[in-house]
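Q:
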Amino acid sequence: MTQYTAANWSQHEDGFTQMFYEQNVKQFWLPEEISLNGDLLTWKYLGANEQDTYMKVLAGLTLLDTEQGNTGMPLIAAQVSGHQRKAVLNFMAMMENAVHAKSYSNIFMTLAPTEKITELFEWVKTNRYLQRKAEVIGGLYNAIKPGDDISLYKAMVASVYLESFLFYSGFYYPLYFYGQGKLMQCGEIINLIIRDEAIHGVYVGLLAQEIYNRQEPDVQLKLRDFAIELLAELYENEIAYTEDIYDPVGLTHDVKKFIRYNGNKALMNLGFDPYFDDEKVNPVVLNGLSTKTKSHDFFSLQGNGYKKATVEAIRDEDFIFEN
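Just so it is clear: in the sequence shown, position 275 is 275 by UniProt numbering, and no numbers are missing.
So, in structure tokens, the structure goes:
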């Protein structure tokens with residue numbers, strides 16, 4: 001007979017999960033609580049190529065968030081032991097699709113006509129580099145075998161790369177404008193998302209390191225080789241993706257530096273040394289990333305563009321649904 005267990009939050013499962021739970025909850029935000037109308041004037045003065053690239057990077061991010069929320073986090077959570085760990089991963093999964101992906105749609109609906117939005121989502125389905133990202137990462141998620149630490153570890157590596165590496169070719173352009181004081185509300189949303197993805201990458205990285213540290217030295221070597229080979233494969237595709245969407249605005253060279261910078265950060269989340277050489281990243285983009293210019297830092301609540309929604313009491317009439 002199966003013995004079912006309940007989540008006991010009065011006891012810590014480990015030395016970090018409850019801290020990550022608390023931080024996730026503190027950081028919780030909703031797309032509807034950030035007004036985007038203030039960006040409309042700046043948007044109208046952007047060139048056609050600038051608008052097109054901006055929309056495409058957000059559409060690409062939407063695909064990755066959707067995959068992470070629908071597939072990646074739930075499949076990893078299903079194989080992780082510990083009710084608290086599952087809860088944190090499930091919370092993160094919810095943020096990916098219900099908050100992050102939805103926030104991009106809010107930006108689309110504010111800045112673009114319906115026809116353009118439809119075109120963007122068709123572009124996502126036909127862009128071979130975007131589809132390749134989803135195929136590689138999704139393949140590792142779907143390859144998880146119940147009770148198998150090695151396949152779970154590989155999926156966690158893929159998750160860390162998605163959160164800490166692959167997102168950043170898309171984050172670059174909003175940060176590029178944000179660092180110049182342009183499209184500030186869109187940039188505020190990106191900052192909130194980046195802050196979420198940062199702790200997602202760190203948390204899953206810690207879980208991956210636990211599995212890695214339990215292995216024999218020869219297995220560890222194979223797992224490290226896997227991680228580096230996967231990074232190299234994703235990097236090659238990421239370079240092609242960057243050229244595809246950033247060549248029209250002349251920023252490809254800078255974006256490639258930013259990609260390598262974040263590739264090294266992803267490896268650090270997994271406990272590995274940097275793979276790419278140290279390079280100077282565009283200071284304008286780093287200014288967009290910097291918390292010193294805003295009212296929040298990594299472990300604060302919300303950014304300076306965030307305001308709580310007005311909450312009304314539930315009434316009986318709210319449950320009357322008429323056709």
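Note that CB positions come from ideal geometry on N, CA and C, so glycine has one too.
Note that the coordinates shown come from a computational prediction; the quantities given were computed from them, not determined experimentally.
Ignoring anything shorter than 4 residues or poking outside the stretch 238-291, list the alpha helix (DSSP H) runs there in chain order.
A: Unbroken alpha helix (DSSP H) stretches of 4 residues or longer found wholly inside the stretch 238-291: 252-269 and 283-289, given in chain order.
Q: My assumption, with CB atoms under 8 Å, is that N97 sits in contact with T66. Please give the rounded CB distance.
A: T66 and N97 do touch by the CB rule: their CB atoms are close to 6 Å apart, below 8 Å.
Q: Pull up the distance between the alpha-carbon of residue 324 and that of D196, whole angstroms please.
A: Nothing in the structure corresponds to residue 324, since the chain is present only between 1 and 323.
Q: Would you please state the rounded distance, in angstroms, between the beta carbons of F276 and Y168? I believe it to be under 8 Å.
A: Wrong, their Cβ atoms sit about 13 Å apart, outside the cutoff.
Q: Find the nearest neighbour of N106 within the set L36, K222, D247 and Q23, judged by alpha-carbon distance.
A: L36
Q: Keeping to the same chain, check which residues put their C-beta closer than 7 Å to that of V281; ignore five residues upstream and five downstream.
A: Once the five neighbours on either side are set aside, the close Cβ partners of V281 are K257, F258 and Y261.
Q: What does the alpha-carbon distance come out to for the pair I194 and D14?
A: 25 Å
Q: Measure the CB-CB distance between F165 and L63 and report whether it falls below 9 Å.
A: no
Q: Report the option in A112, F177 and G205 whose CA atom is closest to the CA atom of K154.
A: G205
Q: Compare the C-alpha of N264 against each of E163, Y212 and G187 and name the closest.
A: E163
Q: Hey, N269 and K133 are a contact pair by Cβ (cut 8 Å); roughly how many whole angstroms apart?
A: Contact flag wrong, Cβ pair sits at about 18 Å.
Q: For L140, tell me which candidate among F20, E32, G47 and L75 has the shortest Cα-Cα distance.
A: L75
Q: Would Y4 count as contacting chain C if we go by Cβ distances under 9 Å?
A: Included in the structure is just one protein chain, with no chain C present.
Q: Could you tell me the distance, in whole angstroms, from the CA atom of D297 to the CA atom of T2?
A: Per-residue confidence for D297 stands at a pLDDT of 39, beneath the threshold of 50, marking its modelled position as unreliable; the derived number appears in the next sentence. Whole-angstrom Cα-Cα distance: 45 Å.
Q: If we count the other Cβ atoms within 10 Å of its Cβ and call it buried at 16 or more, is M156 buried or exposed?
A: buried
Q: Nearest to A6 by alpha carbon, out of S81, G47 and G69?
A: S81
Q: Just the C-alpha distance for P174 and L130, rounded to the nearest angstrom, thanks.
A: 18 Å
Q: With DSSP collapsed to three states, give me the class of D39.
A: helix
Q: Can you tell me whether N142 is buried or exposed? The criterion is at least 16 other CB atoms within 10 Å of its CB, across all chains shown.
A: exposed
Q: Touching or not, the stretch 220-229 and the stretch 173-191, by the rule of three or more beta carbon pairs under 8 Å?
A: no
Q: Residues in the same chain with beta-carbon distance under 6 Å from M73, minus the five sequence neighbours each way, listed in chain order, please.
A: L89, M92 and A93
Q: Rounded to whole angstroms, what is the Cα-Cα separation between G38 and Y212?
A: 47 Å
Q: Would V285 and G179 qualify as a contact pair, given that the criterion is a beta-carbon distance under 9 Å?
A: yes
Q: Which value, in whole angstroms, describes the spacing of the CA atoms of A309 and K222?
A: Bear in mind that a pLDDT of 45 at A309, under 50, signals an unreliable position, so the number given afterwards is only what the model happens to contain. Each residue's alpha carbon lies about 49 Å from the other.
Q: Would you kindly work out how many angstroms separate the C-alpha atoms of K182 and T42, rounded to a whole number?
A: 7 Å
Q: Is it buried or exposed for F171, if we count other Cβ within 10 angstroms and need 16 for buried?
A: Buried is the call here.
Q: For the alpha helix (DSSP H) containing T114, list its first residue and its last residue.
A: T114 to T126
Q: Taking L289 and W29 to be in contact with their CB atoms under 8 Å, please state how far apart those CB atoms are, rounded to whole angstroms.
A: Contact between L289 and W29 is absent: CB atoms are separated by about 18 Å, not below the 8 Å threshold.
Q: Assuming D53 and V249 make a contact with CB atoms under 8 Å, what is their CB distance in whole Å?
A: The displayed chain sequence assigns Thr, not Asp, to residue 53. With a Cβ gap of about 5 Å, T53 and V249 count as contacting.
Q: What do you reckon, are the CB atoms on Y176 and L251 nearer than 9 Å?
A: yes
Q: Less than 6 Å between C-beta atoms, sequence neighbours within five positions excluded: which residues of the same chain meet that for M266?
A: The amino acid at residue 266 is misidentified as Met; the sequence shows Ala. Within the same chain, A266 has close Cβ partners V160, Y161, S164 and F165.
Q: Taking C-beta to C-beta, are G60 and I245 nearer than 9 Å?
A: yes
Q: Go ahead and pull the three-state DSSP assignment for Y176.
A: helix
Q: Can you look up V80 in the DSSP assignment and give me helix, strand or coil?
A: coil
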